[in-house]
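Colleague: Sharing a structure, written as structure tokens. Questions coming.
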Amino acid sequence: MTAFWTEADYDDHELVELVRDPESGLTAIIALHSTHLGPGAGGTRFWHYAEPKDAMRDALRLSRGMSYKNAMAGLPMGGGKAVILADEKRTKSPKLLAAFADAVDGLGGRYVTAEDVGITEADMAAVAQRTQYVSGLPTEGNDAAGGDPGPFTALGIFLGIKAAVKHKLGKDSVEGVHVAIQGTGSVGGGVARLLAKEGARLTLSDIDADRAQALAAELGAETVSHEAIMSVPCDVFSPNALGAILDEEGIGRLDCKIVAGGANNQLKREEHGPMLAERGILYAPDYVINAGGIISVTLEYLCRTDGAPCDINEVRARIAQIPERLNDIWRTSDETGVSPDRVADRMAQKLIGR
Ligand code: NAD
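In this text, residue positions in the sequence shown follow this note's numbering: the first is 213, and each later residue adds one.
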């Protein structure tokens with residue numbers, strides 16, 4: 213049997229904790245990648261994994277991703293992630309959430325959790341009954357940071373797409389620019405609305421075809437099937453659904469000049485970033501362009517625990533810095549010939565002292 217710390221995804225993580233509570237049936241992994249910049253922050257995933265090693269892989273990769281994302285967003289937070297190994301029926305109970313909350317609390321603030329796939333706002337509110345180390349809790353009123361991160365993520369992506377259009381196509385506006393959007397949920401739907409307001413031409417797609425149709429009717433956009441979206445001839449392909457879509461086959465199908473969207477872990481493997489660059493496609497590294505939501509939920513947490521400013525204008529001001537960060541990456545990439553994903557990784561590694 214191989215030890216997990218000899219596996220490819222182990223990247224000198226500071227702590228990997230296995231949490232078992234037979235009484236509630238909880239099995240969870242909490243991974244802290246780096247606390248160089250602050251407590252490891254990142255959500256909790258509640259998922260049924262075919263093999264326990266898949267859960268370990270997710271915890272290791274996602275926590276490293278959070279180190280990079282928080283560092284590049286200029287947040288005083290490190291990278292962490294928790295996964296709860298659900299049974300096949302995904303049984304969730306108050307006891308199980310309580311046992312998980314106690315494990316988070318036991319780390320004394322080295323890990324700050326939040327929602328992720330399979331965990332609702334109500335679940336996190338339950339966790340928050342037993343530990344203060346929770347971000348992304350609902351806030352009162354419209355002028356505060358926190359709450360649903362989707363609209364903030366969408367705003368950052370919209371601004372990032374505009375920056376990419378300026379960099380690659382030399383245009384100051386997205387008016388008439390053709391954007392193909394994969395996924396019209398919380399993030400993709402928000403991006404589509406912002407782009408439509410500025411006169412972009414949109415092609416939408418969702419595995420839930422009715423969802424895409426309804427949005428297309430609202431915005432005067434076109435739709436295509438979810439199988440066809442990656443080969444639509446367009447200026448910008450914006451992935452806002454699944455990760456790992458940019459592999460040899462996916463990149464081969466693209467007929468665009470820019471890839472810029474919110475989905476996490478878009479590149480299937482490391483070599484796929486340079487492959488995009490070789491095809492002359494400008495890539496906006498996912499963890500840089502999709503940081504709007506984490507900026508909002510982190511400011512909500514720091515406001516509650518450290519008295520940091522938490523009004524929505526502060527959140528917007530920080531999201532407005534995303535285009536400049538992307539421009540830095542693209543400039544360095546142009547100057548050095550190193551692909552943008554690798555330039556971003558290197559910048560993030562420097563920020564976390566690695
Ligand atoms: P969501 O569940 O609201 O929307 C996802 C949409 O994608 C759904 O409508 C779903 O039907 C659709 N979809 C699934 N598979 C598809 C396919 N093969 N083709 C087309 N559409 C498909 O989720 P969301 O919050 O909008 O998140 C979207 C992506 O952005 C995810 O990868 C998520 O990890 C990432 N992300 C979200 C946030 C946030 O603030 N919500 C922040 C950072 C990153």
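Heads up, the beta-carbon is just placed ideally off N, CA and C, and yes, glycines get one too.
If you reduce the DSSP assignment to three classes, tell me which class residue 413 lands in.
Modeller: Three-state result, residue 413: strand.
Colleague: Would residue 386 and residue 407 be called neighbours here (beta carbons separated by less than 8 Å)?
Modeller: Yes; because the gap between Cβ atoms is below 8 Å, this pair is in contact.
Colleague: For ligand 1, is there a heavy atom less than 7 Å away from the beta-carbon of residue 541?
Modeller: No, since every heavy atom of ligand 1 falls outside the 7 Å radius drawn around the Cβ of residue 541.
Colleague: Among 492, 534, 435, 460, which has the Cα closest to the Cα of residue 473?
Modeller: When only C-alpha atoms are compared, the closest one is 534.
Colleague: For the beta strand (DSSP E) that contains residue 425, what are its first and last residues?
Modeller: Careful: residue 425 lies outside any beta strand (DSSP E), inside the alpha helix (DSSP H) at 421-431.
Colleague: Three or more C-beta pairs closer than 8 Å, one from the region 252-272 and one from the region 473-491: is that the case here?
Modeller: Short answer: they don't touch.
Colleague: For residue 370, I'd like the list of residues in its chain whose CB is within less than 7 Å of its CB, leaving aside the five on either flank, ordered along the chain.
Modeller: If we look at residue 370 and ignore the five residues flanking it on each side, its Cβ neighbours are 403, 406, 407.
Colleague: If you follow the beta strand (DSSP E) that residue 389 is part of, which residue opens it and which one closes it?
Modeller: From DSSP, residue 389 is part of no beta strand (DSSP E); its letter is neither H nor E.
Colleague: Kindly give me the distance between the Cβ atoms of residue 276 and residue 291, rounded to whole angstroms, as I take these residues to be in contact under 8 Å.
Modeller: The pair is a contact, with the Cβ atoms about 6 Å apart (cut-off 8 Å).
Colleague: Provide the residue(s) that pair with residue 257 in DSSP beta bridges, ordered along the chain.
Modeller: Residue 257 is bridged to 295.
Colleague: Expressed to the nearest angstrom, what Euclidean distance is found between the alpha-carbon atoms of residue 378 and residue 429?
Modeller: If I take the Cα positions, the gap works out to 28 Å.
Colleague: Check whether the region 336-355 touches the region 300-320, counting contact only when three or more Cβ pairs, one atom from each stretch, lie closer than 8 Å.
Modeller: The answer is yes - the region 300-320 touches the region 336-355, with three or more Cβ pairs under 8 Å.
Colleague: Where do the N-terminal and C-terminal ends of the alpha helix (DSSP H) with residue 445 fall, by residue?
Modeller: Note, residue 445: premise wrong, no alpha helix (DSSP H); not H, not E.
Colleague: Can you tell me which of the three DSSP states residue 233 falls into?
Modeller: Strand.
Colleague: Around the C-beta of residue 437, are 16 or more other C-beta atoms found within 10 angstroms, so that it is buried, or is it exposed?
Modeller: With fewer than 16 other Cβ atoms within 10 Å, it is exposed.
Colleague: Closest to residue 544 by C-alpha separation, out of 494, 564, 476, 239, would be which residue?
Modeller: Among 494, 564, 476, 239, the Cα nearest to that of residue 544 is on 494.
Colleague: Does the distance between the C-beta of residue 438 and the nearest non-hydrogen atom of ligand 1 fall short of 7 Å?
Modeller: Checking every heavy atom of ligand 1 against the Cβ of residue 438, one is found closer than 7 Å.
Colleague: Give a single yes or no on whether residue 282 has its beta carbon closer than 7 Å to a heavy atom of ligand 2.
Modeller: This structure lacks ligand 2; its bound ligands are ligand 1.
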